[in-house]
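Heads up, the thing below is written out as structure tokens.
Number of protein chains: 2
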Amino acid sequence: MKVAAYIDDQFNRFVSELQAWCRQPSVSGANRGIPEMVALVRETLIAAGLAVQVFTVPGGHPVVYAERKGTTDKTLLFYGHYDVQPPEPLEAWASGPFEAEVRDGRLFARGVADDKACLLSRVQAVEALLKTRGELPVSVKFLVEGEEEIGSSHLRPFVESHKELLAADWCIWEYAAKNELGYPTMTLGNKGLCYLQLTAAGPSQDWHSMFAPVIPNPAWRLVWALASLKNERDEILVEGFYHDVAPLSEAELAALARIPTDAEKLKASAGLDHLVQDVEGIELKKRLYAAPTCNICGFTAGHVHSGKKGIVPARATAHVDLRLVVNQQPADILDKVRRHLVAHGFGDIQVEMLEGMMPAKTAVNTPFVDVVVQAARRAYKNEITVLPTSPGAGPREVFSTWTDMPIVGLGVGHAGSGVHGPNENVILEDYREGIQHIAALIEQLGISSA
Amino acid sequence: MKVAAYIDDQFNRFVSELQAWCRQPSVSGANRGIPEMVALVRETLIAAGLAVQVFTVPGGHPVVYAERKGTTDKTLLFYGHYDVQPPEPLEAWASGPFEAEVRDGRLFARGVADDKACLLSRVQAVEALLKTRGELPVSVKFLVEGEEEIGSSHLRPFVESHKELLAADWCIWEYAAKNELGYPTMTLGNKGLCYLQLTAAGPSQDWHSMFAPVIPNPAWRLVWALASLKNERDEILVEGFYHDVAPLSEAELAALARIPTDAEKLKASAGLDHLVQDVEGIELKKRLYAAPTCNICGFTAGHVHSGKKGIVPARATAHVDLRLVVNQQPADILDKVRRHLVAHGFGDIQVEMLEGMMPAKTAVNTPFVDVVVQAARRAYKNEITVLPTSPGAGPREVFSTWTDMPIVGLGVGHAGSGVHGPNENVILEDYREGIQHIAALIEQLGISSA
Numbered sequence: 007m008k009v010a011a012y013i014d015d016q017f018n019r020f021v022s023e024l025q026a027w028c029r030q031p032s033v034s035g036a037n038r039g040i041p042e043m044v045a046l047v048r049e050t051l052i053a054a055g056l057a058v059q060v061f062t063v064p065g066g067h068p069v070v071y072a073e074r075k076g077t078t079d080k081t082l083l084f085y086g087h088y089d090v091q092p093p094e095p096l097e098a099w100a101s102g103p104f105e106a107e108v109r110d111g112r113l114f115a116r117g118v119a120d121d122k123a124c125l126l127s128r129v130q131a132v133e134a135l136l137k138t139r140g141e142l143p144v145s146v147k148f149l150v151e152g153e154e155e156i157g158s159s160h161l162r163p164f165v166e167s168h169k170e171l172l173a174a175d176w177c178i179w180e181y182a183a184k185n186e187l188g189y190p191t192m193t194l195g196n197k198g199l200c201y202l203q204l205t206a207a208g209p210s211q212d213w214h215s216m217f218a219p220v221i222p223n224p225a226w227r228l229v230w231a232l233a234s235l236k237n238e239r240d241e242i243l244v245e246g247f248y249h250d251v252a253p254l255s256e257a258e259l260a261a262l263a264r265i266p267t268d269a270e271k272l273k274a275s276a277g278l279d280h281l282v283q284d285v286e287g288i289e290l291k292k293r294l295y296a297a298p299t300c301n302i303c304g305f306t307a308g309h310v311h312s313g314k315k316g317i318v319p320a321r322a323t324a325h326v327d328l329r330l331v332v333n334q335q336p337a338d339i340l341d342k343v344r345r346h347l348v349a350h351g352f353g354d355i356q357v358e359m360l361e362g363m364m365p366a367k368t369a370v371n372t373p374f375v376d377v378v379v380q381a382a383r384r385a386y387k388n389e390i391t392v393l394p395t396s397p398g399a400g401p402r403e404v405f406s407t408w409t410d411m412p413i414v415g416l417g418v419g420h421a422g423s424g425v426h427g428p429n430e431n432v433i434l435e436d437y438r439e440g441i442q443h444i445a446a447l448i449e450q451l452g453i454s455s456a
Numbered sequence: 007m008k009v010a011a012y013i014d015d016q017f018n019r020f021v022s023e024l025q026a027w028c029r030q031p032s033v034s035g036a037n038r039g040i041p042e043m044v045a046l047v048r049e050t051l052i053a054a055g056l057a058v059q060v061f062t063v064p065g066g067h068p069v070v071y072a073e074r075k076g077t078t079d080k081t082l083l084f085y086g087h088y089d090v091q092p093p094e095p096l097e098a099w100a101s102g103p104f105e106a107e108v109r110d111g112r113l114f115a116r117g118v119a120d121d122k123a124c125l126l127s128r129v130q131a132v133e134a135l136l137k138t139r140g141e142l143p144v145s146v147k148f149l150v151e152g153e154e155e156i157g158s159s160h161l162r163p164f165v166e167s168h169k170e171l172l173a174a175d176w177c178i179w180e181y182a183a184k185n186e187l188g189y190p191t192m193t194l195g196n197k198g199l200c201y202l203q204l205t206a207a208g209p210s211q212d213w214h215s216m217f218a219p220v221i222p223n224p225a226w227r228l229v230w231a232l233a234s235l236k237n238e239r240d241e242i243l244v245e246g247f248y249h250d251v252a253p254l255s256e257a258e259l260a261a262l263a264r265i266p267t268d269a270e271k272l273k274a275s276a277g278l279d280h281l282v283q284d285v286e287g288i289e290l291k292k293r294l295y296a297a298p299t300c301n302i303c304g305f306t307a308g309h310v311h312s313g314k315k316g317i318v319p320a321r322a323t324a325h326v327d328l329r330l331v332v333n334q335q336p337a338d339i340l341d342k343v344r345r346h347l348v349a350h351g352f353g354d355i356q357v358e359m360l361e362g363m364m365p366a367k368t369a370v371n372t373p374f375v376d377v378v379v380q381a382a383r384r385a386y387k388n389e390i391t392v393l394p395t396s397p398g399a400g401p402r403e404v405f406s407t408w409t410d411m412p413i414v415g416l417g418v419g420h421a422g423s424g425v426h427g428p429n430e431n432v433i434l435e436d437y438r439e440g441i442q443h444i445a446a447l448i449e450q451l452g453i454s455s456a
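Note that the protein sequences, when read in sequence, are chains L and D. Note that this note's numbering has the first sequence beginning at 7, numbered continuously upward. Note that this note's numbering has the second sequence beginning at 7, numbered continuously upward.
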């Protein structure tokens with residue numbers, strides 16, 4: 007039996023395995039279900055034919071490592087994570103976030119797209135190759151961490167102390183998604199991240215709002231401070247913020263131009279009648295794939311949901327994520343935000359960086375990229391699209407600082423997967439194609455390495 | 007036994023009755039405990055010697071009315087409410103909000119200051135007079151509603167359809183507090199209120215913040231819209247907002263000048279190192295007692311308290327209360343806010359008025375005010391302070407539109423009572439003095455009416 011036929015033959019079982027993974031909560035931020043998820047990942051990897059080691063991480067969640075030697079001396083490394091985002095708000099889910107219900111050809115669960123289905127598709131591709139060929143044409147390694155959703159803070163020390171173990175010629179990164187037109191994508195980079203918590207303090211406890219004429223209100227302070235960071239034309243006003251942004255190369259601009267995109271479909275899937283600054287075409291793509299951002303993820307002051315309450319709240323807190331592009335650095339951006347606030351009279355606002363991540367990217371003109379493209383033609387109807395940088399952040403830079411191996415993000419999500427939101431889902435047909443793509447890629451790498 | 011001696015003699019029982027009232031939750035906004043509280047108020051009024059009627063209010067909470075004829079044809083009306091604010095945030099209370107714990111000479115409970123202790127002090131004063139004199143020198147009436155904390159929306163129709171029942175010569179209003187220097191106060195007016203909910207809509211559900219470059223963020227929209235309403239110098243920028251503010255009279259300015267106040271004590275009690283615009287002295291008093299406000303009571307977008315979450319939130323909601331002074335009108339202010347937002351490019355922000363209340367005040371030069379001052383000298387060490395207007399809102403205007411009876415707010419709170427906040431409390435010695443003051447006032451009114 008050919009590997010592609012084996013995958014089709016076993017696909018129902020593969021979906022059942024994915025459901026089992028999704029029914030096991032593994033919320034790293036809430037320290038929920040981690041040991042159970044590690045055990046499940048380990049069993050699955052062993053059953054697929056891999057040798058597994060679980061590394062405990064002092065003060066963190068375990069790293070699962072697995073490998074299988076191939077018949078050539080080339081090695082493909084898979085990076086993924088078994089942890090997921092918190093499922094809240096629960097009331098917004100049509101079925102429970104850990105029920106893994108299948109409806110209309112989709113599997114709904116927290117973390118199914120980001121990235122349990124992506125990771126498992128690779129394990130199942132390896133299983134399919136071993137069951138049908140008996141051996142792998144190149145060696146494969148899996149590095150599976152449990153802290154990607156909380157900043158991967160232990161990944162760098164782990165990688166730096168296991169360079170030999172992790173050495174590889176190419177790397178497939180955790181996640182990618184079909185775009186809103188149904189084209190599969192690969193990402194050659196990640197944005198960086200500077201995730202900040204801004205806090206304003208008011209009276210020592212909530213005060214009756216009759217005192218509002220004289221008691222300083224921390225919600226107002228935070229509103230004014232935030233309004234000083236970015237204006238209504240979406241221009242980030244932090245002094246020097248854009249200073250280190252590297253210009254796009256010709257090859258990147260050409261790749262951006264080739265990305266099929268449709269502002270109308272994006273609007274429809276988000277239920278919106280307009281996008282930021284009404285962007286479309288190449289401007290939309292430059293923003294999404296190449297521009298840094300300053301985004302309010304959350305703002306809490308007082309108690310809006312418990313009804314009317316006439317108070318001056320005791321404190322106000324905002325979470326702001328700034329996604330960075332090469333060569334911006336999170337520590338430098340933090341410093342610039344702090345200096346900006348002081349310069350604008352907001353020295354009372356406390357700023358804390360909850361997560362920092364460097365941006366990183368692989369050049370568009372890399373032979374490995376072509377191999378991924380060719381393999382994709384065997385799995386997908388539509389040509390795969392090359393995204394010079396994912397709009398998302400990720401710890402790719404942890405690898406790019408010690409090795410120049412190309413790193414390509416692939417995955418089985420789609421534009422409506424709702425990652426990090428309620429009703430996160432994967433289309434099962436995308437999942438099948440994703441397994442096929444990885445199996446074809448490993449075969450293709452064997453041919454080009456022989 | 008003299009009435010003052012009776013009050014001292016019975017004071018421990020009076021405190022026990024107050025605890026029983028406070029242990030009965032009566033959160034109008036959550037529709038919690040209302041029938042039980044109505045029954046408790048009714049029993050207490052009957053036991054004190056009053057004739058009670060409970061009026062059901064279609065679509066609202068019942069009104070409790072009570073009366074007792076006096077020996078002259080003059081009538082004193084007490085207005086109060088049996089409902090309380092929601093107790094959240096529960097974790098901020100040192101003892102349960104409905105435990106009514108006594109610590110260090112204070113009783114801690116949601117609603118004890120605002121205004122169960124105020125209301126009960128009047129009932130107990132009537133009881134004391136009846137037990138010691140056998141009769142009252144003037145008639146008394148009690149109007150006790152259950153919707154003061156949610157906007158008193160049924161009070162106006164009730165009053166307008168029961169004008170004869172409620173007719174009186176003078177009225178004592180629900181609440182007042184000793185100021186931060188320990189001086190008892192009386193309030194001759196209330197600010198009005200225009201309590202708004204502002205909502206901005208974003209994507210149909212929370213989206214991964216990697217899309218922040220193109221997906222409009224409702225938290226940013228709301229931040230920018232709010233920042234357009236008031237600047238950092240605390241100037242309200244809504245066009246025409248100050249247009250209808252009536253200038254203060256000479257008598258009001260003189261009364262403001264006499265108010266003892268201490269910015270340092272206010273700061274210390276709120277745990278602050280500064281007040282808004284560093285006001286002090288007469289400027290502080292003009293703001294607190296005579297200036298309209300625009301205050302953010304709450305702001306919610308995203309999920310700050312469930313950890314880091316990289317999202318563009320689906321919606322952002324703010325509660326803004328504007329406290330109004332004579333002659334500002336809530337419907338007019340709502341209209342001005344809406345027109346301001348549209349004019350500044352924020353026509354996408356939904357504005358809903360959750361509560362509206364007109365400002366109202368009694369003139370400083372009114373004979374009844376002098377009687378209250380004289381009676382206070384028998385109950386308090388310090389001279390009572392006349393506040394031309396309370397900093398708080400209240401439905402006084404419901405009465406002032408059909409009768410010119412003077413309305414004076416009195417009460418047993420203090421500057422650290424924490425009304426509407428956690429650990430709301432009343433100092434028991436203030437409570438005792440409050441009962442003595444009302445008993446003395448009724449006796450004094452009898453003398454001046456005889």
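Glycine included, every Cβ here is placed at the ideal spot set by N, Cα and C.
Relative to the ligand FMN, is the shortest distance from any of its heavy atoms to the C-beta of residue i smaller than 8 Å?
{"i": "R19 (chain D)", "result": "For the ligand FMN, the structure offers nothing, since it holds no ligand at all."}
According to DSSP, residue i sits in a beta bridge with which residue or residues?
{"i": "T81 (chain D)", "result": "D:S145"}
{"i": "I242 (chain D)", "result": "D:K236"}
{"i": "T193 (chain L)", "result": "L:L393, L:G415"}
Quick one, which of the options has its alpha-carbon nearest residue i's?
{"i": "F352 (chain L)", "options": "L:L135, L:M43, L:V229", "result": "L:V229"}
{"i": "Q283 (chain D)", "options": "L:E241, L:A218, L:E358", "result": "L:A218"}
{"i": "S34 (chain D)", "options": "D:K80, D:E94, D:I156", "result": "D:I156"}
{"i": "E256 (chain L)", "options": "L:R264, L:H249, L:S145", "result": "L:R264"}
{"i": "A366 (chain L)", "options": "L:C300, L:F405, L:A260", "result": "L:F405"}
{"i": "E435 (chain L)", "options": "L:K271, L:V326, L:G417, L:C28", "result": "L:G417"}
{"i": "K314 (chain D)", "options": "L:A307, L:H325, L:I317, L:H311", "result": "L:H325"}
{"i": "G152 (chain L)", "options": "L:H280, L:G39, L:K342, L:T77", "result": "L:G39"}
{"i": "T299 (chain L)", "options": "D:A45, D:P222, D:N431", "result": "D:P222"}
{"i": "L262 (chain L)", "options": "L:R293, L:A100, L:L83", "result": "L:R293"}
{"i": "S457 (chain L)", "options": "L:A57, L:V63, L:R74, L:P209", "result": "Residue coverage of chain L in this structure runs from 7 to 456, which leaves residue 457 (chain L) outside it and unanswerable."}
{"i": "Y189 (chain L)", "options": "L:V370, L:K387, L:K147", "result": "L:K387"}
{"i": "V146 (chain L)", "options": "L:E166, L:P93, L:L83", "result": "L:L83"}
{"i": "A36 (chain D)", "options": "D:W226, D:E49, D:F305, D:P92", "result": "D:P92"}
{"i": "V357 (chain D)", "options": "D:F114, D:H346, D:G65", "result": "D:H346"}
{"i": "R321 (chain D)", "options": "L:A72, L:P373, L:C303", "result": "L:C303"}
{"i": "V318 (chain L)", "options": "L:L328, L:D250, L:D268, L:P224", "result": "L:P224"}
{"i": "Q211 (chain L)", "options": "D:M216, D:E97, D:A269", "result": "D:E97"}
Does any CB atom of chain C fall closer than 9 Å to the CB of residue i?
{"i": "D250 (chain D)", "result": "Included in the structure are the protein chains L and D, with no chain C among them."}
Am I right that residue i and residue j are in contact with their C-beta atoms under 8 Å? What's the rounded C-beta distance?
{"i": "Y85 (chain L)", "j": "L149 (chain L)", "result": "5 Å"}
{"i": "A131 (chain D)", "j": "M411 (chain D)", "result": "That pair is no contact at about 20 Å."}
{"i": "N431 (chain D)", "j": "A119 (chain D)", "result": "7 Å"}
>> Can you pull out the residues from the region 281 to 311 of chain L whose beta carbon lies closer than 7 Å to at least one beta carbon of chain D?
In response: L281, V282, V285, L290, R293, L294, A297, T299, N301, I302, C303, G304, F305, T306, A307, G308, H309, V310, H311
>> Using 8 Å as the cut-off, can you tell me whether the region 129 to 141 of chain D makes contact with the region 10 to 23 of chain D, which would need three or more C-beta pairs spanning the two stretches below that distance?
In response: Three or more Cβ pairs closer than 8 Å define a contact, and the region 129 to 141 of chain D meets that threshold against the region 10 to 23 of chain D.
>> Which residues of the region 314 to 333 of chain D have a Cβ closer than 9 Å to any Cβ of chain L? Give them in chain order.
In response: Interface annotation for the region 314 to 333 of chain D against chain L: K314, K315, G316, I317, V318, P319, A320, A322, T323, A324, H325, D327, R329, criterion Cβ-Cβ distance under 9 Å.
> Per the contact definition of three or more C-beta pairs closer than 8 Å, is the region 393 to 410 of chain D in contact with the region 197 to 207 of chain D?
Replying inline: yes
>> To be precise: take each residue of the region 415 to 429 of chain D, compare its Cβ to all Cβ atoms of chain L, and keep it if any distance is under 8 Å. Which residues remain?
In response: G424, V425, H426, G427, P428, N429
>> Against chain L, which members of the region 193 to 225 of chain D pass a CB distance test of less than 7 Å?
In response: Y201, P209, S210, Q211, D212, W213, H214, S215, M216, F217, A218, P219, V220, I221, P222, N223, A225
>> Taking beta-carbon pairs under 9 Å, can you tell me which members of the region 129 to 155 of chain L lie near chain D?
In response: E155
> Name the residues in the region 397 to 410 of chain L whose C-beta lies less than 9 Å from a C-beta of chain D; which are they?
Replying inline: P397, G398, A399
> Closer than 8 Å, Cβ to any Cβ of chain L: which residues of the region 90 to 118 of chain D, in chain order?
Replying inline: Of all residues in the region 90 to 118 of chain D, the ones placed with a Cβ closer than 8 Å to any Cβ belonging to chain L are Q91, P92, E94, P95, A98, in chain order.
> Using a beta-carbon distance cut-off of less than 8 Å, what residues from the region 338 to 360 of chain L approach chain D?
Replying inline: G351, L360
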